[in-house]
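Chains as they are written, first to last, in our numbering: chain A, 39 to 288; chain B, 2 to 250.
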Amino acid sequence: MIEIKDISKNFGEQHVLKKVSSTFENGKTNLIIGQSGAGKTVLLKCIVGLLQPDKGKVLYDGRNILKFSKKENLMIRREMGMLFQNAALFDSMSVLENVMFPLEMFSDKSYEEKLKRAQFCLERVNLAEAQHKSPEELSGGMQKRAAIARAIALEPKYLFCDEPNSGLDPKTSLIIDELIHDITTEYNITTIVNTHDMNSVVGIGDHIIFLADGNIEWEGNKDDVLYSHNKQLNDFLFSSDLLRKVKEMA
Amino acid sequence: MIITKSISTFGKYLMLMHRVFARPESIKMFFRQFMRELYKLGVDSIPIVLLISFFIGAVICIQMKLNIESAWMPKFVVGYATREILILEFSSSMMCLILSGKVGSNITSEIGTMRVTQQIDALEIMGVNSANFLIFPKVTALIFMIPILVIFSIAAGIAGSYAIGMFTGIMTPEDLTTGLQYEFSQWYIWCSIIKSLFFAFIISSVASFYGYNVEGGSIEVGKASTNSVVSCSALILFADIVLTQLLMQ
Ligand SMILES: Nc1ncnc2c1ncn2[C@@H]1O[C@H](COP(=O)(O)OP(=O)(O)O)[C@@H](O)[C@H]1O
Ligand SMILES: [Mg+2]
């Protein structure tokens, strides 16, 4: 479980986050949604510690990571997995080497066990046959899946995804979404996903926070998100013509 | 303004170096990276070092012959002067200037690309000290390889001067050999190697610094590569004056 309390973050005069608080439970896919530029990435970076919030607390199962020493920081990061917007696979390594990387770095198991774990993760994301390819030989969706395999190699307790569907076609997006959701429940991970993809919102949103103007404008789940009367949320959700028409027909 | 900016840049550089010089988290992974860099930065540079040094050796020999030959100069002076130029300046300083173009821009663009494609963030999130993991093997590998490149360069330069003597007949191999061996001081070779170690550190660390701090996209990576080569060259020339003064007096 991750709790954030009164997170504020300014860039100069720009107040990107103003006292944002929420709780992200384990075994659930938590979504942060909002318009482009709403501060989703900044919030996620504050949570994982790539950015320092100006004020507030970030509690990982009760432990405030902003108070951590360098060493504690490194230790907690081994419990995290992260999926970046453009996969961020190491391009000097093959897919298998990418997934092996965190294991080689931090696990003291034997080589065979590490290899087995890496291949298990690749099979879990259906990439076993592409393990010896290099990242640039893979399609966007395959790169994302390889990155998921790498993120879960060390059996993380916390998984973070920044726009996992950006640049993917709708069908591939669904596969990635479901993979993230299944892994979250299977291994009881605390997962936080940034997205502005409506399919993800209604598909995997066990818990959703909607960011606007640096505040949480609305909080709920996929079952009530479509029936909310919040104007800003509705403007965001039904910003596409297709969805507006569907709503009018319903 | 420019002074405060230089000081803050230098401060950032020192802070990065503080993170670079740490014990690697996994010795095995460090060794793997080290071998890769040894190959990429060192072995891959051997052809260009040989090529350039060979021709420069030949050209220096021609120039010396044309410019200092006179009736009251012994014939071997050409060989002597060629050797001193090669050992004292060309094979250390000039060669490192050339390498700062090849190796430096390579390092900056590699690390810069990793920065803008979030590969460095990915390392950090895993709890890897990315500065140490990426930069330390490069610095150590280049420092390890540079004496070898210097020796190769001196050898190729001398081969070049022999070749030109043979092909054009401007002087006999005997005169050249006499000159090359005349009052040879081993210390000069050491000077050359010591200087090159400093230059190797400058190239690898400064180029890494530029790459590590790229912000933006591929255009910024290109700009950073150019800036890194300019800075490396200037720093090498400056260090050359200081080191030469310290080592040669
Ligand atoms: N490092 C930074 N420096 C200055 N401003 C930033 C920085 N990172 C993000 N911002 C600003 O914060 C705002 C939110 O950005 P971001 O979190 O990336 O939005 P998104 O919701 O699309 O992920 C943007 O206006 C952006 O310009
Ligand atoms: Mg974003």
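Positions of the beta carbon are idealized from the N, C-alpha and C atoms, including for glycine.
What is the DSSP secondary structure of residue i, counted as helix, strand or coil?
{"i": "B/Trp73", "result": "coil"}
{"i": "A/Leu69", "result": "strand"}
{"i": "B/Ile99", "result": "helix"}
{"i": "A/His219", "result": "helix"}
{"i": "A/Ile5", "result": "Because residue 5 of chain A is not part of the residues shown, which for chain A are 39 to 288, the question remains open."}
{"i": "A/Glu255", "result": "strand"}
{"i": "B/Arg84", "result": "helix"}
{"i": "B/Ser93", "result": "helix"}
{"i": "B/Gln187", "result": "helix"}
{"i": "A/Asp44", "result": "strand"}
{"i": "A/Val58", "result": "strand"}
{"i": "A/Ala191", "result": "coil"}
{"i": "A/Asn102", "result": "strand"}
{"i": "A/Val96", "result": "strand"}
{"i": "A/Phe122", "result": "coil"}
{"i": "A/Thr233", "result": "strand"}
{"i": "B/Ala201", "result": "helix"}
{"i": "A/Gln181", "result": "helix"}
{"i": "A/Asp200", "result": "strand"}
{"i": "B/Ile171", "result": "coil"}
{"i": "A/Phe248", "result": "strand"}
{"i": "A/His170", "result": "coil"}
{"i": "B/Gln250", "result": "coil"}
{"i": "A/Phe49", "result": "strand"}
{"i": "A/Leu206", "result": "coil"}
{"i": "A/Arg162", "result": "helix"}
{"i": "B/Phe11", "result": "helix"}
Taking C-beta pairs closer than 7 Å, name the residues in chain A that residue i reaches, listed in chain order.
{"i": "B/Thr118", "result": "Asn124, Ala126"}
Could you tell me which chain B residues have their CB closer than 9 Å to the CB of residue i, listed as they occur along the chain?
{"i": "A/Pro202", "result": "Within 9 Å Cβ-Cβ: nothing; A/Pro202 doesn't reach chain B, min ~13 Å."}
Using a C-beta to C-beta distance shorter than 7 Å, which residues of chain B count as neighbours of residue i?
{"i": "A/Glu175", "result": "Near A/Glu175 there are no residues of chain B at all, since even the closest Cβ is about 16 Å away, more than 7 Å."}
{"i": "A/Arg115", "result": "Ile126, Met127, Gly128"}
{"i": "A/Leu18", "result": "It is not possible to answer for residue 18 of chain A, since the shown part of chain A is limited to 39 through 288."}
{"i": "A/Met118", "result": "Ile126"}
What is the rounded straight-line gap between the Cα of residue i and the Cα of residue j?
{"i": "A/Leu176", "j": "A/Leu153", "result": "21 Å"}
{"i": "A/Gly179", "j": "B/Gln119", "result": "17 Å"}
{"i": "B/Ile149", "j": "A/Phe62", "result": "56 Å"}
{"i": "A/Ile70", "j": "A/Leu197", "result": "13 Å"}
{"i": "B/Val215", "j": "B/Arg116", "result": "7 Å"}
{"i": "B/Tyr81", "j": "B/Ala240", "result": "26 Å"}
{"i": "A/Gly252", "j": "A/Glu41", "result": "17 Å"}
{"i": "A/Ala250", "j": "A/Gly72", "result": "6 Å"}
{"i": "B/Ser92", "j": "B/Gly102", "result": "15 Å"}
{"i": "B/Thr5", "j": "B/Leu15", "result": "15 Å"}
{"i": "A/Arg155", "j": "A/Leu127", "result": "18 Å"}
{"i": "B/Asn133", "j": "B/Glu111", "result": "15 Å"}
{"i": "B/Val79", "j": "B/Gln250", "result": "24 Å"}
{"i": "A/Gly75", "j": "A/Leu81", "result": "11 Å"}
{"i": "B/Ile171", "j": "B/Leu52", "result": "22 Å"}
{"i": "B/Gln213", "j": "B/Ile57", "result": "It should be pointed out that residue 213 of chain B corresponds to Tyr in this sequence rather than to Gln. Straight-line Cα distance between these residues: approximately 35 Å."}
{"i": "B/Val222", "j": "A/Leu88", "result": "21 Å"}
{"i": "B/Val60", "j": "B/Ser27", "result": "48 Å"}
{"i": "B/Ala194", "j": "A/Gln52", "result": "A small fix is needed here, since residue 194 of chain B is Ile in this sequence, not Ala. Distance between the alpha carbons of B/Ile194 and A/Gln52 is about 53 Å."}
{"i": "A/Met236", "j": "A/Leu275", "result": "7 Å"}
{"i": "A/Ile214", "j": "B/Pro138", "result": "36 Å"}
{"i": "A/Tyr149", "j": "A/Lys285", "result": "55 Å"}
Quick check on residue i: buried or exposed, where buried means 16 or more other Cβ atoms within 10 Å of its Cβ?
{"i": "B/Ala282", "result": "In the structure as shown, chain B starts at 2 and stops at 250, and residue 282 of chain B therefore has no counterpart that could be examined."}
{"i": "A/Pro202", "result": "buried"}
{"i": "B/Glu43", "result": "Checking the sequence shown, residue 43 of chain B turns out to be Gly, not Glu. When all chains shown are included, B/Gly43 counts as buried."}
{"i": "B/Ala235", "result": "exposed"}
{"i": "A/Asn102", "result": "exposed"}
{"i": "A/Asn164", "result": "exposed"}
{"i": "A/Pro140", "result": "buried"}
{"i": "A/Asp160", "result": "The sequence shown places Leu at residue 160 of chain A, not Asp. Classification for A/Leu160: buried."}
{"i": "B/Arg24", "result": "exposed"}
{"i": "B/Arg84", "result": "buried"}
{"i": "B/Gly161", "result": "buried"}
Under 8 Å between beta-carbons, which chain A residues line up against residue i? List them in chain order, please.
{"i": "B/Ser27", "result": "Glu142, Met143, Phe144"}
Does the distance between the C-beta of residue i and the nearest non-hydrogen atom of ligand 4 fall short of 7 Å?
{"i": "A/Asp200", "result": "As presented, the structure is devoid of ligand 4, carrying ligand 1 and ligand 2 as its sole ligands."}
Report the neighbours of residue i on chain B: residues whose CB is nearer than 8 Å to its CB, in chain order.
{"i": "A/Leu165", "result": "Neighbours of A/Leu165 on chain B: none; closest Cβ ~18 Å, over 8 Å."}
{"i": "A/Met138", "result": "None at all; the shortest Cβ gap to chain B is about 10 Å."}
Exercise for the section: Note down, in chain order, all residues in the region 14-40 of chain B with a beta-carbon under 9 Å from any beta-carbon belonging to chain A. Expected result: Glu26, Ser27, Lys29, Met30, Arg33, Arg37
Practice task
Below 9 Å between beta carbons is the criterion; list the residues of the region 85-96 of chain A that meet it against any residue of chain B, in chain order.
Solution key: Val86, Gly87, Leu88
Exercise for the section: With 8 Å as the limit, tell me which residues of the region 147-175 of chain B have their beta carbon closer than that to any beta carbon of chain A; keep them in chain order. Expected result: none
Problem - Residues from the region 98-123 of chain B in contact with chain A, defined by Cβ distance under 7 Å - result: Thr118, Gln119, Gln120, Asp122, Ala123
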